[in-house]
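2 protein chains.
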Amino acid sequence: MAKQITSRAEDYSQWYVELVKLADLAENSDVRGCMVIKPYGYAIWEKMQQGLDQMFKDTGHVNAYFPLFVPKSMFEAEEKNAEGFAKECAIVTHYRLKTDPAGNGKLMVDPEARLEEELVVRPTSEAIIWNTYKKWIQSHRDLPILVNQWANVVRWEMRTRLFLRTAEFLWQEGHTAHATAAEAEKETRTMLDVYADFAENFMAVPVIKGKKSEGEKFPGAIDTYCIEALMQDGKALQAGTSHFLGQNFAQAFDVKFTGKDGKLEYVWGTSWGASTRLIGGLIMAHSDDDGLILPPKLAPIHVVIVPIFKNDQELSAISEVADKLMKELKAAGLSVKFDNRDTHKPGFKFAEYELKGVPVRLAIGPRDLEQGTVELARRDTREKKSMKATDVATEVPSLLDDIQKNLYRKALKFREDMTTPVNSWDEFKKVLEEKGGFLLAHWDGTAETEAKIKEETKATIRCIPLDAPVEKGKCVLTGNPSNQRVLFAKAY
Amino acid sequence: MAKQITSRAEDYSQWYVELVKLADLAENSDVRGCMVIKPYGYAIWEKMQQGLDQMFKDTGHVNAYFPLFVPKSMFEAEEKNAEGFAKECAIVTHYRLKTDPAGNGKLMVDPEARLEEELVVRPTSEAIIWNTYKKWIQSHRDLPILVNQWANVVRWEMRTRLFLRTAEFLWQEGHTAHATAAEAEKETRTMLDVYADFAENFMAVPVIKGKKSEGEKFPGAIDTYCIEALMQDGKALQAGTSHFLGQNFAQAFDVKFTGKDGKLEYVWGTSWGASTRLIGGLIMAHSDDDGLILPPKLAPIHVVIVPIFKNDQELSAISEVADKLMKELKAAGLSVKFDNRDTHKPGFKFAEYELKGVPVRLAIGPRDLEQGTVELARRDTREKKSMKATDVATEVPSLLDDIQKNLYRKALKFREDMTTPVNSWDEFKKVLEEKGGFLLAHWDGTAETEAKIKEETKATIRCIPLDAPVEKGKCVLTGNPSNQRVLFAKAY
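In order, the protein sequences belong to chains A and B. If you're matching positions, the first sequence starts at 27 in my numbering and goes up one per residue. If you're matching positions, the second sequence starts at 27 in my numbering and goes up one per residue.
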C-alpha cells in the first residue's frame, strides 16, 4: 500500500510536502534551495509548456534564447530592477578550478582566474534582453518584437518550498518591444488573458485578474498585472504576472527607434512570466488526502488499466481486452497505461494511481471478461460504474471533458464560498483569522495602510481586481475614502 | 537585396559566421562567449528537440530536471570527470549584491554573502545526477533508470564560434542506470543509433559511428561512442556522443543496488548528449554561397508564397489563390508563409528566402492567375517549374520528401568522395593538406602516436569505426602492426 499522507485538516503544509514527495513529483537536492524535478513532475511541466507555448504562438510570439549570465554593469543599468533582485543573486566570480596545492586531492577556486567583471546568474532577463534589443531596433519597421524564452532562473531564496519557492526554477519569460504605449499596454493585457485562459481551461483553476498595488509590483515596471488563485487552505497563489514596463528599460539601455514621422523615441516594453510554481498551485487547488487530482488536460496519464487476475491464463485473457482498449484510447489521442505487474496486488495499484492523480481507472477482472464489461472509476468524484468494454473508447473522452469541467466548477464554488466582502477592521481580522480566503475590502490607496495591514495580519493586497465595480466606501483600516474594493489574502 | 555573403571558396570560416548572422540564426552577446539564439535559429532548435525527444520517448526514456549548480565537493567526487572540466568552469562564490558604499550608485558583490562552499555551474550533470540516483536506487527493482534532461550548460571556452563552441550552450543529456554491464552497454549503443538515425533522417547528414580513442574519450567514461559528420570544407564535426560509464560514477557516489541474488553491487551507467552544436553542423553540411539550405524535416517554414503584383487589385486576386493554397498545405501538416509585404520587391523576397533556406518557394503573378498556375522553385537544386495551382497540395509534400532525400544523397556522395584510405605517412600528410576530408589509416593503437600525429598535422582520430573490417596493416606513422583502419580528420 502507498504510504499514508498527513491529512489537509491536520497540517496543510505538511500534506503538501508529503504529497509532492510521495507522488514522485520533486524532491530537495543536496544543492541549497534547488529542487530535482522528477519524471512525473516534469511530465506535468511538459504539458504546461505545450499548452502555454501554443497559446504564445497563436498570439504571434516566437521563442528565442538569451545568456544565463548578466554582467554586473548591465544588471545595474535599470536601477529599480537591480535593487529589487540584488539581495538574492547568485554571482559568478571565477572561471577555473585548480588542484589544491595542499596535496589533498581536492580542487580549489583558482585565484588567478578571477573575472574582470562579475556575472549575475539571471534572476530575470530584462537587462540582458533589452541590451540585445538595442542592436535589433532602429526603426518602427523593426517593431513589434514579440519574443518568449523558456529558461531557468535563480533567486537566492532563504526559505524554500518545492515548486512554490526555490532558488532555481524553470519558467518562461516574454519580452516584447513596441512603438506605442497603447500597443504595449494592449500586449500586457493580452498576455494576462492568456495566463487566465490557461489557468482556467488547462489547470481548471479559476483566477481573479487584477493590477498589483505600487508596493507589490515588479521592480522596474510601471504596472504589474497578475492572476490570483485560491488554494484549499484559503491562501492565495499568484499564478502569472504581466508587466507594462513603459520606457524604463528602453531608457536604461538606450533603445530608441525612428518613428514614421522620422522622430527618435524610446521603445515601449512589456514582460510576462509563469513558472514551475504553477505545478504547486495545481496540486494545492485540487488534490485530496489520498493524493493528487489532476485535470485531464495536464495529466501525464489519462487512463490506467489495472487487471485483476489470479494466474497467467487470466492475465493473458485480460491483456487481450486491455490491448484493444489501449489501442482505441490512444487513437483518440489519450495517454494510457496498462499496469500488468504481477508483483503488486490490485489494491496497491489502485492506491498508487489515486496518489498519482490519474483521472480515470479501468479495472478488468475475470467476471468482466465473461460479461464484456470493465469497471470504470473516476479520480475526482470516486464514482465507479460498470460499463461495456465496447463503449469505453467513445465514453472516456467525454468523461475526461466532464472531469475537467467538474474540477473547475468545484474550485470556482470553493473560491466563491471563500470570498468575503468585509466592511470594518474587526470584520477583516475576524474573517481572515477564522475563515481565510479572499477578502474584498475598501482601501485608501496608500502604501502606509497597505504596509500596516500586512504587518498586523500578514494579509497583502493580492490585486486591484479589473472587473470590480466602482463603489464608494471607507478604508477598513483608516476610514479614508475609497472608490473600489481590493482583494486581500494571505498568500504563498 | 540581401547582403552578399563571402563565398565558401574564398573563406569558409567567414562564410559560416556571416551566414549565421545574415540568416538571423544567432549572434554574439555582450556576455563573453555566450550567444543569443535568435528566433529563426531557435525555431530550428525546437524542431531538433521535437525530433530527438520523440525518439528518446520511443526508446523508453523520460525527462526530468536537476540543479544548475554542483557544489565543489560533489563536482570533484569523480576525479577524472572533475579534472576534465575543472579548467573551464564558471564558479558561483557569492549570493548577494549590495550598494557600493563609494556612493557611485553602483552595486558590488557583498563580501559578507560568501558561500561556505563554492558552486560550479554545471558543465555536464553526471555528478549532480549520480548524487541524486543514490537516493533513488536501492534494489534491482529500481532499475533501469532511463532519464533525459534538456538544459543549459557552461564550459568556459576561450575561443568561441556561434553554435560550434560557446561558453553556454543548450543540450540534452541522458543519464541512465542499469543492473548489468551488458544492459548499460546496450543502452550506450542504442542511443548512438538514435543519434545516427536523427542525423541521417532529420538533418540529412550521413555519419560514421565509432568509438573514441582513449585520448579523446569523455572524462570519467570507460568507452565513448560518437557519430562523426563531414562538413563541406573537409573538416569533421562530432554530432553526438554516447558514453559507457561502467561503475565509475556509481563508485564515486556510492550508488549500490541489491541484486536478485541479494548481493550488493555498484550500478552501471551511461550518459549521452547532443547540443545546439548540431545547428552549426546542419548549416555547414548543406548550405551554399546564397544562404542556408535546410532539410524539410527541420525547416521552420516549408513553403513560402511570394505574390508578384503591381497594384492592390492584383494582390487581392493573388491573395485569394494563396489563401486557398495555404489552407491546403497547412492541412497537409506543412508550415507556410505568405509574404504579402508591399514594401519589398519580389526579387528581394526571393533572395531573402534563399538566404533563410526555405525549401520550396511558390511565386504567383497575374499570368499565373489567368492560367491557373504557380511557379515552384526548390531551394536545393534551384530548379523551377510552372505547375497547376490545383496540383500544389498533392505535389509539395512528396517534393519535400525528395528534397530531404536529395540533400542526404548529395552529402553522402560528398563524404564518399572525401573519404580516402591512405597507406603511408607522406600520403597521409599530402591528402590531409591537399584534399582534406576523412582519412582511413592504420594506427598502432598508442596514445603517443595519436599525439604525435595531432601535433604534426592537427588531425585527430575522430573514431575507430564500428563497421570497419578487420584488416592487417602497418601504422602510417610508426610502421607498427595494426588490425584496423581508423578515421582521421581535422575537426571542429
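Even for Gly, the Cβ is constructed at its ideal location relative to N, Cα and C.
Are the Cβ atoms of B/C252 and B/W182 separated by less than 8 Å? no
Could you work out which residue in A/N366, A/H328, A/T472 and A/N337 is closest to A/A403 when comparing CA atoms only? A/H328
Between B/V281 and chain A, is the shortest Cβ-Cβ distance under 8 Å, so that the two count as touching? no
Closer than 7 Å by beta-carbon distance: list the chain A residues that pair up with B/N157, in chain order. D56
At least 3 beta-carbon pairs within less than 8 Å: the stretch 213-226 of chain A vs the stretch 406-416 of chain A: no
Using a threshold of 8 Å, state whether the C-beta atoms of A/V400 and A/V422 are closer than that. no
Can you tell me where the beta strand (DSSP E) holding B/M134 begins and where it ends? L133 to V135
How is B/Q510 classed by DSSP in three states: helix, strand or coil? coil
Indicate whether at least one CB of chain A lies closer than 8 Å to the CB of B/F189. no
Three-state secondary structure (DSSP) at A/V519? A query on residue 519 of chain A cannot be resolved here, the shown segment of chain A reaching from 27 to 518 and no further.
Using DSSP bridges, identify the partner residues of A/S268. A/Y251 and A/W298
Whole angstroms is fine: what's the gap from A/G59's alpha carbon to B/K353's? 49 Å
Go through the stretch 303-352 of chain B residue by residue and report every complete run of the alpha helix (DSSP H) that reaches 4 residues or more, in order. 303-312
Helix or strand or just coil, what does DSSP make of A/L196? strand
Cross-strand partners of B/L465 (DSSP beta bridge): B/T446 and B/F514
Beta-carbon proximity of A/G246 to A/A300, cut-off 8 Å: no
B/H120 touches chain A at which residues, Cβ-Cβ below 7 Å? I117 and T119
Pick from A/Q258, A/D259 and A/M217: whose alpha carbon is nearest that of A/M250? The sequence as given places Thr at residue 250 of chain A; Met does not occur at that position. It is A/M217.
Range of the contiguous beta strand (DSSP E) that encloses B/Q175: I171 to V180
In whole angstroms, what is the alpha-carbon distance linking B/Q510 and B/T214? 22 Å
Going along the chain, which residues of its own chain have a beta-carbon closer than 6 Å to the beta-carbon of A/N20, five neighbours each way excluded? With chain A running from 27 to 518 in the structure shown, residue 20 of chain A is simply not present.
Pull up the distance between the alpha-carbon of A/N107 and that of A/P507, whole angstroms please. 32 Å
I'd like the list of long-range same chain contacts for B/V496, defined as Cβ closer than 7 Å, with 5 residues on each side in sequence excluded. N509 and Q510
Please name the residue, chosen from A/R34, A/L395, A/S39 and A/W41, that lies closest to A/I334 on a Cα-to-Cα basis. A/L395
Straight-line Cα distance separating B/M134 from A/F101: 11 Å
Within the continuous beta strand (DSSP E) that includes B/L145, where are the two ends? R140 to V147
Taking only heavy atoms of the ligand MG into account, decide whether any of them is closer than 7 Å to the Cβ of B/M217. As presented, the structure is devoid of all ligands, the ligand MG included, so that no description of it is given.
Which value, in whole angstroms, describes the spacing of the CA atoms of B/I309 and B/L318? 6 Å
Residue range of the alpha helix (DSSP H) that B/A207 falls in? A207 to N227
Does any residue of chain B bring its CB to less than 8 Å from the CB of A/C501? no
Helix, strand or coil at B/A103 according to DSSP, with G and I counted as helix: coil
Please work out which residues of its chain come closer than 8 Å, Cβ to Cβ, to B/Y121, disregarding the five sequence neighbours upstream and downstream, and give them in chain order. A139 and L141
Assuming B/I155 and B/F92 form a contact by the criterion Cβ under 8 Å, report the distance between their Cβ atoms to the nearest whole angstrom. 5 Å
Opposite A/F82 in the DSSP bridges: which residues? Bridge partners of A/F82: none, in fact.
Have a look at A/Y518 and A/G307 and give me their C-alpha separation to the nearest angstrom. 9 Å
Can you tell me which of the three DSSP states A/S412 falls into? strand
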